[in-house]
Every structure is written in C-alpha cells, then in structure tokens.
Amino acid sequence: MNVSIAVVVIAIVAVVAAGAYYITTSENDEEEVPEYITISGMIIYDDYSQGEIFIGAFDNSDLLKPPGETIDAVSLWAPGTYSLTIPANYGEIWIAAINDANNDGVLDIGGEPAGRYARNPLTVGTRDIEDVDITLQPGGLF
7 MNVSIAVVVI AIVAVVAAGA YYITTSENDE EEVPEYITIS GMIIYDDYSQ GEIFIGAFDN
67 SDLLKPPGET IDAVSLWAPG TYSLTIPANY GEIWIAAIND ANNDGVLDIG GEPAGRYARN
127 PLTVGTRDIE DVDITLQPGG LF
C-alpha cells in the first residue's frame, strides 16, 4: 500500500469513529453525511382546549398499532412547532399526532383529536425535512 492510500484510509477511520463520514468525489468536494436528521413542522388545531399533544414517527403505516416501532416522539402542551430526530437514511416513516384532549393520560386513538402528515410516508435520507405540518381533526385517526 502506498503512503497516500494509507493516509486516506486512516482519515476515513478517524472520521467514522467521530460519528460522521464523508463522501468524497474529488480532493476538494466533500459532503458530510449526518448520523441523524431533523423532521420539523407545525401542529395545527383551531379547536384546541387542553391536553398534551403527542407527535411520533413510526416505521409502518399502521402507526400506533403493533408491530410498529416508534422511531422518535415528542409532546407539546399546545399546538405549535415540533421537531423529531431520526437516524439518517432510515427509509420510509410515517408521522402522526394525537391530542389527549380529556387529559386522562390515555391516548384514545379512535376518539381524540388526531392527524397524520398528508404526504406520508416520508423517505428519510441525509437531509433535514421541514414543513411537515399536521392538522388535527376531531374523531381520531381511524
């Protein structure tokens, strides 16, 4: 192995160990590939009165039903902006939100205000995804 190849291999190993890696097409053209991306948007619900709003990213279209996995979830105490952290290059995910409107700590999927991102599924690659807005509707997800 010549010296220049050894230096490149050592540099790649060091960058991967630091939690990121680079795709290089020439000496001066590097693009950092993140470990995670952010999905962000707004929760909109004009009839909001009370209760926590849960927003989640799921690995299948059945959302809250097994055998699905929640990739990330956050909550708000009123409609507004949210962001989720998702592993880069995850693939297809579905985003949904539900409001615990009766404040009982139980998410009544069939009856409490809820909504899904209109363009589900999202394909997660290496870039952040913005404007993933969800409008909650009375009556649940299903």
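In case it helps, my numbering puts the sequence shown at residues 7 to 148. Cβ atoms here follow ideal geometry from the backbone N, Cα and C, with glycine treated the same way. Everything numeric in this text was worked out from a predicted model, so none of it was measured.
Legend entry - Start-to-end residues for the beta strand (DSSP E) that takes in Thr91: 87–93
Inset, instruction - Kindly indicate which three-state DSSP category Trp83 falls into: helix, strand or coil? - result: coil
Legend entry - Run of the beta strand (DSSP E) containing Arg4, from where it starts to where it stops: With the chain covering only 7 through 148, there is no way to say anything about residue 4.
Legend entry - Same chain only: Cβ atoms within 7 Å of Tyr88, ignoring 5 sequence neighbours per side: Ser46, Gly47, Ile49, Ile61, Val80, Leu82
Legend entry - Residue(s) in a DSSP beta bridge with Ser4: Given that the chain is displayed from residue 7 to residue 148, the structure contains no residue 4 and the question cannot be resolved.
Inset, instruction - Please list, in chain order, all residues of the same chain as Asp68 whose beta carbon is under 8 Å from its beta carbon, the five residues on each side excluded. - result: Gly74
Legend entry - C-alpha distance - Ile59 paired with Gly86, whole-angstrom precision: 10 Å
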